[in-house]
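S.K.:
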């Protein structure tokens, strides 16, 4: 088939436009890959934006990748941040990539966005490269070499151009259909749909619109939304919400045993039984050899062995070791330890390898020295992972311990590579050697830059190891490596937001602990205190999430701790989160989706260690939260409509329907609820005079209401509070309110001319304020209750409304009757506006494929 992945090839291009260049560093230089020639590059003559290069392809193509060549040495003008755009026309381009280059000599290739949001391939002819930041402050930008890769088969491109143009045509029609429906142009809407055969949205969404906006049937709308939520239509929206972290100190009864203070220990978890195991560590004075288990369900610690070295084949006291748990055989594997320089003799630096059977509670010394049978030498601060399915253990990195005299002779540290251990055959394999290993220079030997204090995680579904962070000598590692255990391929992750700005990724040089959820494709990283005293100026805990599907980092929370010694004293009830530390351990219970953290070194005193045990829950809004939020929006709208018709009924509605969905133990929700009674005292008069309503008193139990007849400034403040209410309520109900929806759709609804129109439905109502007259004039007369009742109960979008919209009354102000009629029309239009905005908010919670376009015609027409 034409256009398959196998046909991706290098694409020819010309330099179409450029912002500037300096001296002989011409834009044409980027077409030649000559890393040894310092002049073979494009360089801007300034770093003041906008600086850019526009490349023009010989013919439209599907551009899937872009490759950047580099100079043979690091260079201050290399691009630290850039973005790439593309399109069929120079003036209409979309973002294809945003990220940055590493400041080294290694060429980098990035994937470009080459599909539309609906999945169709995106042909382009122009590619614009926009430098944003160079590695050297205040230096100009330079690009050494650019190669575009993609598909340019003419028949394949022609076919996709047709699909793309058809897709654009459909979206244009849908935008106009949305505009017609929002403005009440029922005949135009029907004509567009009938002639083009295009549907604005799924039938369920159309029914929702008719029920809410046209008929104002709030009870039926609630029932429909409950069905949508139960069927999972809002699950994707809930999944896209940010995590809310919740730390809690896990306390146990004082009379029950629990592990003492320590750092450099190990924690692992048996996911099948929800049991955590802890071994060893350093308590500030000596290494420990105690083995503990923690029952997550019972919240109980159990001391299994106090001194494991006294048992047959039991391990010696140790710290900075690593353990993995084999759920298939219910056993623990343990490797590595730290020895101080005085203890490093030829007899002591053996790499002993242990197994612990959790069922029989027995230790087994598998091997006294793994280096003698093809395994690693004695290491510490390494990482271990287990592939349970293939019964293979992977060990990577760590510093190799050598006899004291040898280390003093060389003056350099040695690091361990990547090893695998096959459990069934008891055999080791050296997969990747360290980059400074004597054999690393051989073309047939694969090497890796090893490190300490890094993270390594195994994804049993992807069958890959993820390695990131750590330290090598004085260098802090910022790469993100992926090793495919089946193909033996090592690659470097290129996150979609590959910004080297430290605000967007976990900071290097700080102690990190990482876990993985293979079901969610998420990696979690807790960064805390640095081991190095000179880097302890930032007393910070931060928790990060890396999405493997999106290739994006995001910071879940960052906290500057200020509780001081309270957090590492015996009584820690004053703390709401763990204090910064290093040498701690964290495990992830994937069954219950919670993290457990124990102990560590707070860095305050050489002998002080911690014994606090924390639980971290990462919570997102659930279906119950989103249902309550939707009900709040609907009932608030219904309440506002009732206040204009029957204030006394509104009081009852407020005290029952709205009261029922508010958590009255939450002071924030209660405060928002107490603001609602103020709507009962807002007048519909708009001439600057406030007229009292028929209410004589505030609703029982409601907050103090604003005084009737207050100043304009007080009234304006009340209006501002009301506008913020829904957003605040969304937050306290643990649902992020869809942003920009109301602003965008208000633009669409309010973008008409403010002059008098023959069709008063097109008259804008800025800000949605009630009672605005059609010519911008203001009326002194307040509408009668009966008049508003007729408006509130009259359906929109049906046969009657179509008839009314085609024969709207004149905008004449010649009589008081005409003014009253115009005011009723304005209120009718305002009511529909508010219902439309509410509908837009609700559908924004559901899959985009089922709903009307998020954008509006005005987004493409107005500046």
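In the UniProt record's numbering, the protein residues as written are 1 to 863. The beta carbon of each residue, even a glycine, is placed where N, CA and C say it ideally should be.
(1) Compare the beta carbon distance of residue 380 and residue 366 with 8 Å and say whether it is the shorter of the two.
(2) When we look at the beta-carbon of residue 119 and count the other beta-carbons within 10 Å, is it buried (16 or more) or exposed?
(3) When the Cα of residue 595 is compared with those of 296, 466, 661, which residue comes out closest?
(4) Please confirm if the stretch 268–286 is in contact with the stretch 321–332, defined as three or more CB-CB distances below 8 Å between the two stretches.
(5) Helix, strand or coil for residue 59, going by three-state DSSP, please let me know.
(6) For the candidate residues 122, 91, 207, 261, whose alpha-carbon lies nearest to that of residue 584?
(7) Excluding the five sequence neighbours on either side, which residues of its own chain have a C-beta within less than 8 Å of the C-beta of residue 388, listed in chain order?
(8) Taking the straight line between their C-alpha atoms, what separation do you get for residue 230 and residue 627?
(9) Quick check on DSSP: helix, strand or coil for residue 291?
(10) Could you name the residues of the same chain whose beta carbon sits closer than 7 Å to that of residue 152, not counting the 5 residues immediately before and after it, in chain order?
(11) Can you give the beta carbon distance from residue 395 to residue 335, rounded, assuming they're within the 8 Å contact cut?
(12) Could you name the residues that DSSP lists as bridge partners for residue 585?
(13) Using only the alpha-carbon positions, how far apart do residue 147 and residue 606 sit?
(14) Where residue 82 and residue 135 are concerned, what is the direct C-alpha to C-alpha distance, given to the nearest angstrom?
(15) Give the straight-line distance between the Cα atoms of residue 167 and residue 198, rounded to the nearest whole angstrom.
(16) Could you check whether residue 238 and residue 847 sit closer than 8 Å to each other, using their CB atoms as the reference points?
(17) Pull up the CB-CB distance for residue 523 and residue 546, whole angstroms please, since I reckon it's below 8 Å.
(18) So residue 392 and residue 420 are supposed to be a Cβ contact under 8 Å. How far apart are they, rounded?
(19) Assuming contact is defined by CB atoms lying nearer than 8 Å, are residue 466 and residue 448 in contact in what I supplied?
(20) Within a Cβ cutoff of 6 Å, which residues of the same chain sit near residue 181, ignoring the five residues on either side of it in sequence?
(21) Take residue 220 and list the residues in its own chain whose beta-carbon comes closer than 6 Å to its own, dropping the five residues that flank it on each side.
(22) What residues are listed by DSSP as bridge partners for residue 556?
(23) From residue 307 to residue 672, what distance separates their C-alpha atoms?
(24) Look at residue 123 and residue 164 and say whether their C-beta atoms are less than 8 Å apart.
(25) Taking the CB atoms as reference points, tell me whether residue 369 and residue 348 lie closer together than 8 Å.
(26) Can you give the Cα-Cα distance for residue 688 and residue 823, rounded to whole angstroms?
(27) Out of curiosity, what's the CA-to-CA distance linking residue 159 and residue 114?
(28) Go through the stretch 422–494 residue by residue and report every complete run of the beta strand (DSSP E) that reaches 3 residues or more, in order.
(29) What residues match up with residue 88 in a beta bridge as DSSP calls it?
(30) I believe residue 463 touches residue 485 by the beta-carbon criterion, under 8 Å. Please report the beta-carbon distance rounded to the nearest angstrom.
(31) Quickly, what does DSSP pair residue 282 with across the bridge? List them, please.
(32) Three-state secondary structure (DSSP) at residue 857?
(33) In chain order, what residues of the same chain lie with their CB nearer than 6 Å to the CB of residue 36, ignoring the 5 residues before and after it?
(34) Helix or strand or just coil, what does DSSP make of residue 72?
(35) Could you check what DSSP says for residue 14 in three-state terms: helix, strand or coil?
(36) Please report the Cβ distance between residue 397 and residue 450, rounded to the nearest whole angstrom; I am assuming they are in contact, meaning their Cβ atoms lie under 8 Å.
M.R.: The relevant details are as follows:
(1) no
(2) exposed
(3) 296
(4) yes
(5) strand
(6) 261
(7) 326, 327, 328, 460
(8) 10 Å
(9) strand
(10) 11, 59, 61
(11) 6 Å
(12) 598
(13) 54 Å
(14) 11 Å
(15) 11 Å
(16) no
(17) 4 Å
(18) 5 Å
(19) no
(20) 189
(21) 211
(22) Answer is none; residue 556 lacks a bridge partner.
(23) 58 Å
(24) yes
(25) no
(26) At residue 688 the pLDDT is 37, less than 50, meaning the model places this residue with poor confidence; the figure from the coordinates comes in the next sentence. Between residue 688 and residue 823, the C-alpha separation is close to 16 Å.
(27) 15 Å
(28) 427–434, 455–459, 464–468, 480–484, 489–492
(29) The partner list for residue 88 (beta bridge, DSSP) is empty, contrary to what the question assumes.
(30) 6 Å
(31) 263, 287
(32) coil
(33) 72
(34) coil
(35) strand
(36) 5 Å
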